[in-house]
Structure formats: structure tokens, C-alpha cells
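Below you'll find the structure, written out as C-alpha cells, and then a few comments.
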Amino acid sequence: MIRFREVTKSFGAKKVLQGFTLDIPDGQTTVLLGYSGTGKSVALKHIVGLLEPDSGEVEVDGKVVADLSRDELAVMRASIGYVFQFAALFDSMSVFDNVALGLRQQGRSEDEVGHRVETSLDRVGLKDAMVRFPSELSGGMRKRVGIARAIALEPRYILYDEPTTGLDPVTAAVIDELMVRTKRDLGVTGVVVTHDMRSAFAVADRIAMLYEGRVHAVGTVDEIRHTEDPVVRQFIEGRP
Amino acid sequence: MTDHLNLIGVAQLGFLRRTGRWAVDASRAIGMPRVWAPLVVTHMRRLGVDSIPIALFLAVFTGIVLALLASYIFTGAVPLYFVGALVAKTIMMELGPVLTGMALAGRVGANIAAELGTMKVTEQVDALETLAVDVHAYLVVPRVVAATLMFPVVTAMAIAVGVISGWITATSLLDLSTPEFFKGVRQFYQFKDIWFGLLKSASFGCAIAVMGALTGLRTQGGAEGVGRSTTRAVVLGCEAILVLDAFWALVLL
Numbered sequence: 276m277i278r279f280r281e282v283t284k285s286f287g288a289k290k291v292l293q294g295f296t297l298d299i300p301d302g303q304t305t306v307l308l309g310y311s312g313t314g315k316s317v318a319l320k321h322i323v324g325l326l327e328p329d330s331g332e333v334e335v336d337g338k339v340v341a342d343l344s345r346d347e348l349a350v351m352r353a354s355i356g357y358v359f360q361f362a363a364l365f366d367s368m369s370v371f372d373n374v375a376l377g378l379r380q381q382g383r384s385e386d387e388v389g390h391r392v393e394t395s396l397d398r399v400g401l402k403d404a405m406v407r408f409p410s411e412l413s414g415g416m417r418k419r420v421g422i423a424r425a426i427a428l429e430p431r432y433i434l435y436d437e438p439t440t441g442l443d444p445v446t447a448a449v450i451d452e453l454m455v456r457t458k459r460d461l462g463v464t465g466v467v468v469t470h471d472m473r474s475a476f477a478v479a480d481r482i483a484m485l486y487e488g489r490v491h492a493v494g495t496v497d498e499i500r501h502t503e504d505p506v507v508r509q510f511i512e513g514r515p
Numbered sequence: 002m003t004d005h006l007n008l009i010g011v012a013q014l015g016f017l018r019r020t021g022r023w024a025v026d027a028s029r030a031i032g033m034p035r036v037w038a039p040l041v042v043t044h045m046r047r048l049g050v051d052s053i054p055i056a057l058f059l060a061v062f063t064g065i066v067l068a069l070l071a072s073y074i075f076t077g078a079v080p081l082y083f084v085g086a087l088v089a090k091t092i093m094m095e096l097g098p099v100l101t102g103m104a105l106a107g108r109v110g111a112n113i114a115a116e117l118g119t120m121k122v123t124e125q126v127d128a129l130e131t132l133a134v135d136v137h138a139y140l141v142v143p144r145v146v147a148a149t150l151m152f153p154v155v156t157a158m159a160i161a162v163g164v165i166s167g168w169i170t171a172t173s174l175l176d177l178s179t180p181e182f183f184k185g186v187r188q189f190y191q192f193k194d195i196w197f198g199l200l201k202s203a204s205f206g207c208a209i210a211v212m213g214a215l216t217g218l219r220t221q222g223g224a225e226g227v228g229r230s231t232t233r234a235v236v237l238g239c240e241a242i243l244v245l246d247a248f249w250a251l252v253l254l
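Respectively, the protein sequence lines represent chains A and B.
Start counting the first sequence at 276; every next residue gets the next number (my numbering).
Start counting the second sequence at 2; every next residue gets the next number (my numbering).
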């Protein structure tokens, strides 16, 4: 389980998270919704220790992330796949090597690396793109390679940062379907940061809405869909 | 006044903290040869071999200018075969390493800072971290090792080409024969001249790569941030060369 406890985080004078508290239960996909700049991606980066809170705690499986040694952090990160907003693929590497890097880092044999890379790319429908480079891929394909890179490590958690941003509706639906299938087939716990309502309703078991640096509302898809909370309603309906 | 002192104190503490953290990161990364060793040869080619043309281009013209300058200074005062001594000694000990270092600070320092800076702003560095890859072992150490090993090689080539171009200039444009030129070279040559220049160039390579990598990894913002880091890496690299040049002169001469 992932837990945020009264997390605060500022960048200079800008307060991003202000007492952010949320439990992310295992085996479900939790969507973090919210306006741009409300700290959704910042919250995600705290889970893998890319950022440290100014105060408060982030726990993964009962361990406080900020208290982990470098080696413990590496072990914890091996259990978490991270899909970046713009995929963050390594430009100088082929698709195969992008997906293989984390596995090689774990010291796995080349046979096992090859098998798992092929399986992961097959799962996202990109087995034929193994020898291509990121610059030769479309936005949707890059995101799918990012997902393949995450699932190749067979993680317990996958964190998706704006997985459908910048994609056309059909490609976005393909990514949504991929996220649902990944959870169903691999049993991973998902955390999805998005402001795309259609995507949120498609993939979520639970939705938490961030507003002014903290969780404003949390509930199942139906609860959020039918809430009367004016802030949530305004966001769902996209009213100015 | 107190406020100013406080600010200076805070800045110094920040610098010391960053330096301490970097030293810890670097020592840990060096102890991970499984990560960085396979990448060294690739970077030796990119940072070293690909830099040979610019280094040799500089060396050719340095040799020409030095020969003409020596002839201008010595005519009527010192025997002309001293041209050989001045050309060889100056290129081996000073101009070869320093000019090559300066040129490579632009090429190698900028290359490293721009590449790592772009990786930083496009979250590729974060992606490496989430894959539990040690960023310093994977990105910094192979570049620093490659530059430290390859700068002396490139500098040695530049020294050879510089002396040859000085010799050709002396024999074709000045009233100096080949035996006279090499008489001057031999008369003042010491083995130290060579290793002093190559040792300096190794330290320049190390410093330039470290500056490039650190400024690259501290890049913030988008393309503008990458541009700032690149410029900063080149300036810091050139400054490091001048400081190290003075340091080695004080210590070894």
C-alpha cells in the first residue's frame, strides 16, 4: 500500500502540496485528478523518491521513502514502474534497449532480458518496433514503449503520469485499454495522474481530486460522477 | 552587513553540502565498474577520437605562428636554431595541452552538458533513477574516465603535429635547416617536457568532463536552461584549465 501523510512540498515561494493525505490501496487503480499545477505529478514523484517532502511522510509497503538508504531505495524502485508524461525514452537507444535497461541493471541474463522485452513489447502491441529508435515513433507508440518499459520489471505498482495527454481520442482510448488490461492481467496497483475525465472514468477504481494542494474529494467512479460537490462538478463538466 | 555575512555563510554552506554530496555520489559510482566500464570505449570515441580534427587544426597553426614568432624574437640576438627549442618546448609543455584543452572544453564540455541537460529536462534522468540505475555511474563516470584517458592521446597528437608544422615552417620560410631545427629541439629537450604536458592534459580532460556533467545534471527549464548549462560548462571548463595550468606549474616546475 502507498500512503501519503500530511505531505507538504514547496518550490521557492510556490506551495504545491499542503497537507496532502491519501491511502492508495493494493490491487486497484487510483486516479489523481486535478487542475494543472495542483501537484498531481509532484505527488507521484514523491512515491519513487524523485522528490522529498518538506514535511509529512510518504510510505510504500510500510516504509517511509525519505528514510530509505540508497540501496533500499533501489530495491523499492524495482517494485515500481513509472510511465512518464512524455515517455522519457532514452533517445540514443533502440526500443529494445530502452525496455531492457532496467532488466540489465538488475543483472538478469541476456536470454531472460530478451524474453521479457519481447513479452512486454508484445503486450503493448509493439513487438515489431524493437529495432526502431524513439525519434521514429509516434506519441502514442512512445507512451506504449514507456508502459512496456514499466511492466518489463514486473512491478507491484505502476505510476502513470498524464498517460493520455497530447494523444488523439482513439490513441488515448488504446492507452486506457492497455492500462486496464495491465491491471487485470498482471494484478498491479495503478496510480494514474490525469486531468482527462474520460480516461479517469475508464481506468479508475477510485478517484481522488486534488485541489489547492490537498485531497478535496475521494470516492469510487460512481461516487465522483454523481457528487454534488461544486468544485468536483465544475471540473467534471469543464465549466470555466 | 550582518545580512550580507549571513548570505555568504548560507551560500558557502550550500556549496559545501553540494560538494560533499557530489563526493559521496562520485565515490559510490566509481565503485560500480559493472555499470560504467562497458560504456567507456563508446565515450572515448565520441569525446576523444572525434575531437582529433579540431585539435590537429589548432596545432598546425600554433606551430606555424610559434616558428615565425621565435624567428622574429631571436633574429640578431640568439642563434636561430633556438627556434626549434622554443617551438618544441612551448608546444609540449604549454600550448599543446592548454590550447587543445580550451578547444576541447568547447567541444567536449558543451557536448556533455547539452546531452545530460537535455536528458534532465526531458525526464530521462528521472527515468534512469526510477529504473534503479545509478545516474552518476551510468552518465558521469564513463564520460570522465573517457575524457581523462583520451585528452592526453589527443594532446600527444597535437604536440607532434605542432612541432612538425613548426619544423616545416622553419625550414621552408626561415633561413633554417632541418639539422639546425632539431639541434635546438634536442639541446633543451627533457623527458619531463612530455609527461608534464600529458599529465596536465589528463587533468584538463577530467575537469572538463566533470564540469560538463555536473552543469548538465543541474539543468532546469527547457531549451533555454540547456543553453545556459552548455555555456556555463564551457566557461567553467576554460577556467578550470587555467587554474590547473597554474597549479601544475607551481607544483612540478
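Virtual Cβ for every residue (Gly too), placed ideally from N, Cα, C.
query: Under 8 Å, do G226 (chain B) and V84 (chain B) count as touching if we go by C-beta distance?; result: no
query: Tell me whether K121 (chain B) is buried or exposed, calling it buried when 16 or more other Cβ atoms sit within 10 Å of its Cβ.; result: buried
query: Just the chain A side, please: which residues come within less than 9 Å of L17 (chain B) by C-beta, in chain order?; result: Going along chain A, no residue has its Cβ under 9 Å from L17 (chain B), so there is no contact; the nearest lies around 20 Å.
query: Give the range of the alpha helix (DSSP H) segment to which K184 (chain B) is assigned.; result: 179-189
query: For V339 (chain A), count neighbouring Cβ atoms within 10 angstroms of its own Cβ and tell me buried if that reaches 16, exposed if not.; result: exposed
query: Considering just the uninterrupted stretch of the beta strand (DSSP E) at S483 (chain A), what are its terminal residues?; result: Correcting the residue identity first, residue 483 (chain A) is Ala in this sequence and not Ser. Note, A483 (chain A): beta strand (DSSP E), 481-486.
query: Roughly how many angstroms separate the alpha carbons of L100 (chain B) and L59 (chain B), rounded to a whole number?; result: 8 Å
query: Straight-line CA distance for V506 (chain A) to E512 (chain A)?; result: 10 Å
query: From this set, A:G382, A:L378, A:V374, A:V388, which residue's C-alpha is nearest L401 (chain A)'s C-alpha?; result: A:V374
query: Quick one: Cα of L228 (chain B) to Cα of A115 (chain B), how far?; result: In the sequence as displayed, the identity of residue 228 (chain B) is Gly instead of Leu. Rounded to whole angstroms, G228 (chain B) to A115 (chain B) spans 7 Å at the Cα level.
query: Along chain A, in chain order, which residues have C-beta atoms closer than 8 Å to that of V134 (chain B)?; result: L376, G377, Q380
query: At a CB distance below 9 Å, what residues from the region 107-128 of chain B approach chain A? Give them in sequence order.; result: E116, T119, M120, T123, E124, Q125, V126, D127, A128
query: Listing by chain order, which chain B residues have their CB less than 8 Å from the CB of V467 (chain A)?; result: Simply none; closest approach about 16 Å.
query: Can you have a look at G465 (chain A) and say buried or exposed, based on whether 16 or more other CB atoms are within 10 angstroms of its CB?; result: buried
query: Count Cβ pairs between the region 437-449 of chain A and the region 331-348 of chain A that sit closer than 8 Å; are there 3 or more?; result: no
query: So with CB distances below 7 Å, who are the chain A contacts of E130 (chain B)?; result: L325
query: Do D480 (chain A) and A447 (chain A) come within 8 Å of each other at the CB atom, strictly closer than that value?; result: no
query: So L81 (chain B) and D176 (chain B) are in contact, right, with Cβ under 8 Å, and what is the actual spacing, rounded?; result: 7 Å
query: If you draw a straight line from the C-alpha of R485 (chain A) to the C-alpha of A148 (chain B), how long is it?; result: Position check: residue 485 (chain A) holds Leu in this sequence, whereas Arg was assumed. Between L485 (chain A) and A148 (chain B), the C-alpha separation is close to 47 Å.
query: Who are P334 (chain A)'s beta bridge partners in DSSP?; result: First, the amino acid is wrong: residue 334 (chain A) is Glu here, not Pro. Its beta-bridge partners are A:R278, A:V339.
query: Which same chain residues end up closer than 7 Å to R414 (chain A) when comparing Cβ atoms and leaving out the 5 residues on each side of it in sequence?; result: The sequence shown places Gly at residue 414 (chain A), rather than the Arg named in the question. Only G441, L442 meet the Cβ criterion.
query: Counting only beta-carbon atoms, is R352 (chain A) nearer than 8 Å to chain B?; result: yes
query: Using a threshold of 8 Å, state whether the C-beta atoms of G314 (chain A) and G462 (chain A) are closer than that.; result: no
query: So what does R489 (chain A) bridge to, in DSSP terms?; result: A:Y486
query: Do A106 (chain B) and A353 (chain A) come within 8 Å of each other at the CB atom, strictly closer than that value?; result: no
query: On the three-state DSSP scale, how would you describe D176 (chain B)?; result: coil
query: Which of the three DSSP states is assigned to V468 (chain A) in this structure?; result: strand
query: Are the C-beta atoms of Y357 (chain A) and some chain B residue less than 8 Å apart?; result: yes
query: CB E327 (chain A) to CB A349 (chain A), shorter than 8 Å?; result: no
query: Please name the residue in B:F197, B:D246, B:S202, B:A210 whose C-alpha comes closest to that of P153 (chain B).; result: B:S202
query: Can you say whether D386 (chain A) is buried or exposed, counting buried as having 16 or more other CB atoms within 10 angstroms of its CB?; result: exposed
query: So which residues on chain B does A349 (chain A) lean against when the C-beta distance must stay under 7 Å?; result: A133
query: Would you check if there are 3 or more beta carbon pairs closer than 8 Å linking the region 389-397 of chain A to the region 302-318 of chain A?; result: no
query: Keeping to the same chain, check which residues put their C-beta closer than 6 Å to that of W37 (chain B); ignore five residues upstream and five downstream.; result: A138, V142, P143
query: Under 7 Å Cβ-Cβ, which residues of chain B neighbour A475 (chain A)?; result: In chain order: nothing, as chain B lies at least about 22 Å away.
query: How many angstroms separate the CA atom of C207 (chain B) from the CA atom of I9 (chain B)?; result: 29 Å
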